[in-house]
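The numbering used here puts the first residue of the sequence shown at 1444, with every later residue one more than the last.
All residues carry an ideal CB built from backbone N, CA and C; glycine is no exception.
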Amino acid sequence: YLENASIDWTVTYDEVLFIHEGTLTIELDDGRHECNPGDIVWLPNGTHLKYIATERTGYFYCLYPFDWAARQGTAEP
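What follows is the structure in structure tokens.
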């Protein structure tokens, strides 16, 4: 869950999001995209974005490779 959050991030893995509840805005170079319940989003490796949740937003995500942090010699935030 995210709520009242704005996270600037660059994914260093492939990520898939499934929006379960609320609205998640994803800000990319080409503009803002509102994601609503039932939406599925693919973010390829190297995508710079901002996750924006102004309300309680529930989502599921999966990453590939799952051990991206270990491969990059870092810890997951």
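Can you tell me where the beta strand (DSSP E) with residue i in it begins and where it stops?
| i | result |
| --- | --- |
| residue 1475 | 1474-1478 |
| residue 1459 | 1457-1464 |
Does the Cβ of residue i have 16 or more other Cβ atoms within 10 Å, making it buried, or fewer, making it exposed?
| i | result |
| --- | --- |
| residue 1496 | buried |
| residue 1478 | buried |
Taking the Cβ atom as the reference point for each residue, do residue i and residue j lie within a distance shorter than 8 Å?
| i | j | result |
| --- | --- | --- |
| residue 1515 | residue 1455 | yes |
| residue 1487 | residue 1462 | no |
| residue 1500 | residue 1460 | no |
| residue 1506 | residue 1458 | yes |
Between the Cα of residue i and the Cα atoms of the options, which residue gives the shortest distance?
| i | options | result |
| --- | --- | --- |
| residue 1484 | 1468, 1498 and 1499 | 1468 |
| residue 1451 | 1472, 1513 and 1507 | 1472 |
| residue 1504 | 1489, 1498, 1482 and 1517 | 1482 |
Quick one: what's residue i bridged to in DSSP?
| i | result |
| --- | --- |
| residue 1513 | Answer is none; residue 1513 lacks a bridge partner. |
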